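Colleague: Shown below is the structure under consideration.
In my numbering, the protein residues as written are 450 to 666.
What follows is the structure in structure tokens.
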């Protein structure tokens, strides 16, 4: 980490990476070049830490948030983490594709399908120094969803301002939708109506306690 040693960055050895629908859109869209590495849902092991990073240690098992943010700029202070003013200063790839740079919350700029990635100290650490054995029994598959699909579904449910005992409808039972259903129950919904046309997805939603509705019936 010669050029990052004084920063808060960390080098992470990737152990798992999920494929997102956003990756498929990028793969089939304009702007892809030979050598581009995609992916933004990942976890792994910290192998190097910059001197400015006091939160992570070598050997830590971490989940990388799909939205990388500094936690300090004016946007982060307003909880608008996807608009972080520091996390993606160049944004060349997004500017090429959509006309303007965004924060690092899309498939290409985070490049987590690579064997190693360079990340700021905003990773969610699964082995905190206070209790490093707490997550030893959990596999990557059990916690990888913390990178993207669970927080995305949870935020959708949270934005509904769910009151205890309410009935909630979730349109679309893809992985994010399924986590929105679970999150709605966690936030106090009494009934969740899962709406989709794919029977396999509706069956998974039913397993969470949701009521199924195929809108083609």
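Don't be surprised by glycine CBs; every beta carbon is placed ideally from N, CA and C. Just so it is clear, the structure is predicted and the values come from calculations on it, not from any experiment.
How would you label residue 654, buried or exposed, when you count the other beta carbons within 10 angstroms and need 16 or more for buried?
Modeller: Burial call: buried.
Colleague: Beta-carbon separation of residue 459 and residue 512 under 8 Å?
Modeller: no
Colleague: Under the rule that 16 or more other beta-carbon atoms within 10 Å means buried, what is residue 503, buried or exposed?
Modeller: exposed
Colleague: What's the gap between the Cα of residue 509 and the Cα of residue 601?
Modeller: 24 Å
Colleague: Would you call residue 489 buried or exposed, if buried means 16 or more other Cβ atoms sit within 10 Å of its Cβ?
Modeller: buried
Colleague: Considering only C-alpha positions, which residue in the set 472, 463, 498 and 479 is nearest to residue 457?
Modeller: 498
Colleague: State the Cα-Cα distance for the pair residue 462 and residue 614, rounded to the nearest angstrom.
Modeller: 44 Å
Colleague: Please report the distance separating the alpha-carbon of residue 525 from that of residue 594.
Modeller: The straight-line gap from Cα to Cα measures roughly 22 Å.
Colleague: Which first and last residues belong to the beta strand (DSSP E) in which residue 466 is found?
Modeller: Residue 466 -> beta strand (DSSP E) spans 459–467.
Colleague: Would you call the CB atoms of residue 659 and residue 647 closer than 8 Å?
Modeller: no
Colleague: Rank 530, 636, 596 and 589 by C-alpha distance to the C-alpha of residue 515 and give the top, closest one.
Modeller: 596
Colleague: Assign residue 635 to buried or exposed, taking buried as 16 or more other Cβ atoms, counted over all protein chains shown, within 10 Å of its Cβ.
Modeller: exposed
Colleague: Leaving out five residues before and five after residue 599 in sequence, what residues of the same chain have Cβ atoms less than 6 Å from its Cβ?
Modeller: 628
Colleague: Taking a contact to mean a Cβ-Cβ separation below 8 Å, would you say residue 465 touches residue 491 in this structure?
Modeller: yes
Colleague: Could you give the distance in angstroms between the alpha-carbon of residue 517 and the alpha-carbon of residue 622?
Modeller: Spanning the two alpha carbons is a distance of roughly 26 Å.
Colleague: Just curious, the beta strand (DSSP E) that residue 638 is in, first and last residue?
Modeller: From DSSP, residue 638 is part of no beta strand (DSSP E); its letter is neither H nor E.
Colleague: How would you write the range of the alpha helix (DSSP H) that residue 472 sits in, first residue to last?
Modeller: 470–476
Colleague: Mapping the DSSP letters down to three states, classify residue 646 as helix, strand or coil.
Modeller: Note: residue 646 maps to coil in three-state DSSP.
Colleague: So, with DSSP's three-state summary, where would you put residue 606?
Modeller: Helix, per DSSP.
Colleague: Is it buried or exposed, residue 468, if we count other Cβ atoms within 10 angstroms and call 16 or more buried?
Modeller: exposed
Colleague: Could you give the DSSP three-state label for residue 556: helix, strand or coil?
Modeller: Below a pLDDT of 50, predicted positions are generally treated as unreliable, and residue 556, at 42, falls in that range; the measurement from the model is reported next regardless. Here residue 556 sits in helix by DSSP.
Colleague: DSSP three-state call for residue 445: helix, strand or coil?
Modeller: Nothing can be reported for residue 445, as the shown portion of the chain is limited to 450 through 666.
Colleague: Round the Cβ separation of residue 606 and residue 639 to the nearest angstrom and send it over; I've been treating them as touching at under 8 Å.
Modeller: Between residue 639 and residue 606 the Cβ distance is about 14 Å, and since that is not below 8 Å, they are no contact.
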